[in-house]
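2 protein chains.
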Amino acid sequence: MKDLAIVLVSGGMDSCVTAAIARTQCRLALLHVNYGQRTETRELKAFRDIVAYYHVPENNILISHIDYLRKIGGSSLTDASMDVQDAQLDSKEIPTSYVPFRNTLFLTIAVSWGEVIGAKKVFIGAVEQDSPGYPDCKPAYYEAFNKLINVGTKPTTIIEVETPLISKSKTEIVKMGVSLSAPLHLSWSCYKNMDKACGVCHSCFLRLKAFSEAGVKDPIAYV
Amino acid sequence: MKDLAIVLVSGGMDSCVTAAIARTQCRLALLHVNYGQRTETRELKAFRDIVAYYHVPENNILISHIDYLRKIGGSSLTDASMDVQDAQLDSKEIPTSYVPFRNTLFLTIAVSWGEVIGAKKVFIGAVEQDSPGYPDCKPAYYEAFNKLINVGTKPTTIIEVETPLISKSKTEIVKMGVSLSAPLHLSWSCYKNMDKACGVCHSCFLRLKAFSEAGVKDPIAYV
Chain A
151 MKDLAIVLVS
161 GGMDSCVTAA
171 IARTQCRLAL
181 LHVNYGQRTE
191 TRELKAFRDI
201 VAYYHVPENN
211 ILISHIDYLR
221 KIGGSSLTDA
231 SMDVQDAQLD
241 SKEIPTSYVP
251 FRNTLFLTIA
261 VSWGEVIGAK
271 KVFIGAVEQD
281 SPGYPDCKPA
291 YYEAFNKLIN
301 VGTKPTTIIE
311 VETPLISKSK
321 TEIVKMGVSL
331 SAPLHLSWSC
341 YKNMDKACGV
351 CHSCFLRLKA
361 FSEAGVKDPI
371 AYV
Chain B
151 MKDLAIVLVS
161 GGMDSCVTAA
171 IARTQCRLAL
181 LHVNYGQRTE
191 TRELKAFRDI
201 VAYYHVPENN
211 ILISHIDYLR
221 KIGGSSLTDA
231 SMDVQDAQLD
241 SKEIPTSYVP
251 FRNTLFLTIA
261 VSWGEVIGAK
271 KVFIGAVEQD
281 SPGYPDCKPA
291 YYEAFNKLIN
301 VGTKPTTIIE
311 VETPLISKSK
321 TEIVKMGVSL
331 SAPLHLSWSC
341 YKNMDKACGV
351 CHSCFLRLKA
361 FSEAGVKDPI
371 AYV
């Protein structure tokens, strides 16, 4: 039997393609975290649609609700008093959508769960190129996290974090998704809207550009 | 003005003394995590009592509710179907009270909050000696976590985890607490009960032994 892998699935395009990649090597366990992000309802629908598409059994699904990121604020994704910026691709600044230490939370939940269900891998769809300011989207961060797992879990636990998209461009990710029949039509990327994607936030901008460059029509609806 | 430090306060003896130590160097911000542990109601009371004792302002208090550790189980502290073991001090096995990757969750929440409120330190009352099987109570684990903070947060964020009790014995911790006037009478350690401590679980056993060896009467009530 194939090893079990936990895939972090926000419901966005990158995590959708990451699940498709993980599935070529492993049995899937899918994890979704509701941390008070603006478009959570829509993201959760995307997650459930992806779960159904891949026929993931109920025991291999975990949806976790985390309250503190909304309580502490500090990010436009979780703090209603901050505006979501439109795309600013030339900026060297960390975007206001940065959620402090968020990927560490995601990986931590995945590793805890992985210790209990015996997963060997955790897949996360981090991409360095389109989030140059995010410290937790760089290879050095994942190397440090894998060292932490090694010293911080039971001696019998062997879990490794994999980042198959980290050095890919968004355009390459679209192409990989198409070639693996990833359910891109079920994914959701917009940071602002929940019915039709806004097309102008940082996340929409990158997605549309990637589909355009890949020569593929984005199957989701835009305003 | 002194630097701000976040102290992880479960409400137990070790975290109570850790807060007393942190207070000699820093302004206090206190963090409590409800992760579905059996005695949460009692621990939260201890936390609130310690907050009041040190007059910590409302903005410097965070109580976070985390659902996934109870959902995934795998520990006698969070899984109602597992019994809490009595003390087994000679065992080399990891006790059933081990909660998978729990300290990583605590530190992750603290660092996220610390990035927002500008804390410079995170104090955690981990003790290696009385939890020989817990991987996340060893110095190597904290070194790895500090490296993760360094690569995983904003370049302007400088937060360091401190473990002032890691190499102390429980007896030394009682003595330190007394000398710093830590509110040990407000702390709670029992893993089983919420009114009067059981005196026989692993945590009670270690606490009673420590007070006895320190020649101090434990101020809390036992059955």
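As given, the protein sequences belong to chains A and B, one line each in that order.
Basically our numbering = 1-based index in the first sequence + 150.
Basically our numbering = 1-based index in the second sequence + 150.
All residues carry an ideal CB built from backbone N, CA and C; glycine is no exception.
Check                                                                                                                                                                               : Outcome
Output yes or no for whether 8 Å exceeds the beta carbon distance between P250(B) and S214(A).                                                                                      : no
Give a yes or no on whether 8 Å exceeds the smallest Cβ distance from A290(B) to chain A.                                                                                           : yes
Does the beta-carbon of N210(A), which I'm using as the reference point, lie nearer than 7 Å to any heavy atom of the ligand SAH?                                                   : Judged by which ligands are present, the structure shown has none, so any question about the ligand SAH falls away.
Excluding the 5 residues flanking S319(B) on each side, which residues of the same chain have their C-beta closer than 7 Å to its C-beta?                                           : Q279
Residues of chain A with CB closer than 8 Å to the CB of I244(B), please, in chain order.                                                                                           : K304
How about L158(A): is its C-beta nearer than 8 Å to some C-beta of chain B?                                                                                                         : no
What does the alpha-carbon distance come out to for the pair V272(B) and I309(B)?                                                                                                   : 7 Å
Does W263(B) come within less than 8 Å of chain A when only Cβ atoms are used?                                                                                                      : yes
Please state the DSSP three-state secondary structure of E278(A).                                                                                                                   : coil
Could you list which residues in chain C have their beta carbon closer than 8 Å to that of K221(A), in chain order?                                                                 : Checking the listed chains, one finds no chain C in this structure; the protein chains it contains are A and B.
Starting from the Cα of M344(A), find the closest Cα among H182(A), G224(A), Q187(A) and give me that residue.                                                                      : Q187(A)
If you measure from the beta carbon of I274(B) to each beta carbon in chain A, is any gap under 8 Å?                                                                                : no
Do the stretch 290 to 299 of chain B and the stretch 333 to 344 of chain B make contact, defined as three or more Cβ pairs closer than 8 Å?                                         : no
Please determine, among Y185(B), E190(B), A179(B), the residue with the shortest C-alpha to C-alpha distance to V206(B).                                                            : A179(B)
Report yes or no: is there a C-beta of chain B within less than 8 Å of the C-beta of P285(A)?                                                                                       : yes
Helix, strand or coil: how does DSSP classify I370(A) here?                                                                                                                         : coil
Find the residues of chain B that neighbour D217(A), judging by a C-beta separation of less than 7 Å, and give them in chain order.                                                 : S214, H215
Please give the ranges of any beta strand (DSSP E) in the stretch 262 to 315 of chain A, keeping only runs that are unbroken, at least 3 residues long and fully inside the region. : 271 to 273, 310 to 312
Establish whether the CB of P207(A) and some CB of chain B are separated by less than 8 Å.                                                                                          : no
Where does the unbroken alpha helix (DSSP H) through I200(A) begin, and where does it stop?                                                                                         : 190 to 203
Nearest by alpha-carbon distance to L181(A): which of K346(A), K325(A), T246(A), I156(A) is it?                                                                                     : I156(A)
Given that a residue counts as buried once 16 or more other Cβ atoms are within 10 Å of its Cβ, and exposed if not, what is T174(A)?                                                : exposed
Which residue marks the beginning of the beta strand (DSSP E) containing S214(B), and which one marks its end?                                                                      : 211 to 215
Can you tell me which of the three DSSP states L178(B) falls into?                                                                                                                  : strand
Would you report the Cα separation of T258(A) and I259(B), rounded to the nearest angstrom?                                                                                         : 11 Å
Examine chain B for any beta-carbon lying closer than 8 Å to the beta-carbon of F251(A), and answer yes or no.                                                                      : yes
Can you pull the DSSP bridge partners for S156(B)?                                                                                                                                  : Residue 156(B) is actually Ile in this sequence, not Ser. I156(B) is bridged to A179(B), V272(B).
Name, please, each residue of chain B whose Cβ falls closer than 8 Å to the Cβ of I259(A).                                                                                          : Y218, L255
Quick one: list the residues of chain A neighbouring V277(B), beta-carbon separation under 9 Å, in chain order.                                                                     : In chain order: nothing, as chain A lies at least about 16 Å away.
Would L298(B) count as contacting chain A if we go by Cβ distances under 8 Å?                                                                                                       : yes
Quick one: is F295(A) near chain B, going by C-beta distance under 8 Å?                                                                                                             : yes
Who are the near neighbours of I171(A) in its chain, counting only those whose CB is closer than 6 Å to its CB and skipping five residues on each side?                             : P314
I'd like the span of the alpha helix (DSSP H) that includes E413(A), first residue to last.                                                                                         : Because residue 413(A) is not part of the residues shown, which for chain A are 151 to 373, the question remains open.
Since I211(A) contacts V183(A) with CB under 8 Å, what's their CB separation in whole angstroms?                                                                                    : About 13 Å; that fails the 8 Å criterion.
Give a yes or no on whether the minimum CB-CB distance between V376(A) and chain B is below 8 Å.                                                                                    : Outside the modelled stretch of chain A, which goes from 151 to 373, sits residue 376(A), for which no answer is possible.
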